[in-house]
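This report concerns only the one structure given below.
See below:
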C-alpha cells in the first residue's frame, strides 16, 4: 500500500524557509505570490495490513513534531 | 488561490533521508514498512490570475531541482 504523509507547520509557527522562498520568488519577478509555507512529504510503501492506528503512531512518534507540525495521511493505492 | 506543490526525488535517485527514516521506523518496531522517500511540500497563496505556465516556471526555476526532482502542482481552492 502506498501512503503519502503531508507534514506542515501549524498556523502561526514562523517559517523562515517559506519566507526565503517567498522573497526569492519576488526577486525573480513573480508578483502575485502572497504566502509560501514549506512542509515535508513522506511517501511510504507499507504492508497492506498496516492499520490506520499504526500509521498515526508513526507520524506522532517520528515523522512529525506534534508541537509545531500537523500531519495528514493520504492513502494512494 | 491556494496551490500545493509536491516535490519528490526522481526514481533511482538515492534518498539518504528516506533511508534514515526507514531505519528508524524499523528500530521503533514497525515491521511492514518497505520503502520511504522524503520530498518537499510547498503551499502557496497566489493571486487568482496566476497562470499554470507561471506556476510551472516557478517550479522549474526555484522550487524543484529538475536534475534530480519531479514536481506536481495541485490547485486546492
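Residue numbers (this note's numbering), protein chains in the order written: chain B, -10 to 66; chain A, -10 to 66. Don't be surprised by glycine CBs; every beta carbon is placed ideally from N, CA and C.
Cβ distance (whole Å) where residue i is taken to contact residue j below 8 Å
{"i": "residue 7 of chain A", "j": "residue 35 of chain A", "result": "The Cβ separation is near 29 Å, so there is no contact."}
{"i": "residue -2 of chain B", "j": "residue 30 of chain A", "result": "At roughly 10 Å, the Cβ-Cβ gap does not stay under 8 Å, so residue -2 of chain B and residue 30 of chain A are not in contact."}
{"i": "residue 50 of chain B", "j": "residue 17 of chain A", "result": "6 Å"}
{"i": "residue -10 of chain B", "j": "residue 19 of chain A", "result": "Not really, about 13 Å apart at Cβ, beyond 8 Å."}
Contact list for residue i against chain A, beta-carbon separation under 9 Å
{"i": "residue 22 of chain B", "result": "33, 34, 35, 36, 39, 47"}
{"i": "residue 9 of chain B", "result": "Chain A residues near residue 9 of chain B: none, gap ~10 Å exceeds 9 Å."}
{"i": "residue 53 of chain B", "result": "Those do not exist, as residue 53 of chain B stays about 12 Å from chain A at its closest Cβ, beyond 9 Å."}
{"i": "residue 43 of chain B", "result": "19, 21"}
Interface residues of chain A facing residue i [CB-CB closer than 7 Å]
{"i": "residue 12 of chain B", "result": "Correct list: empty, because the minimum Cβ distance to chain A is about 11 Å."}
{"i": "residue 50 of chain B", "result": "17"}
Within chain B, the residues that residue i reaches when beta carbons sit closer than 9 Å
{"i": "residue 27 of chain A", "result": "29, 30, 31, 32"}
Residue i burial status per 10 Å Cβ neighbour count (16 or more: buried)
{"i": "residue 37 of chain A", "result": "exposed"}
{"i": "residue 44 of chain B", "result": "buried"}
{"i": "residue 57 of chain B", "result": "exposed"}
Same chain, Cβ closer than 8 Å to residue i, five either side skipped, listed in chain order
{"i": "residue 22 of chain A", "result": "11, 14, 15"}
Residues near residue i by beta carbon distance below 6 Å, same chain, minus five either side
{"i": "residue -7 of chain A", "result": "32, 63, 65"}
{"i": "residue 53 of chain A", "result": "-4, 60"}
Contacting residues, own chain, Cβ-Cβ under 7 Å from residue i (five flanking each side not counted)
{"i": "residue 27 of chain B", "result": "4, 6, 7, 10"}
{"i": "residue 39 of chain B", "result": "-10"}
{"i": "residue 55 of chain A", "result": "49"}
Write down every uninterrupted run of the alpha helix (DSSP H) in the stretch -6 to 47 of chain A whose length is 4 residues or greater and which is fully enclosed by it, in chain order. 5 to 16, 41 to 47
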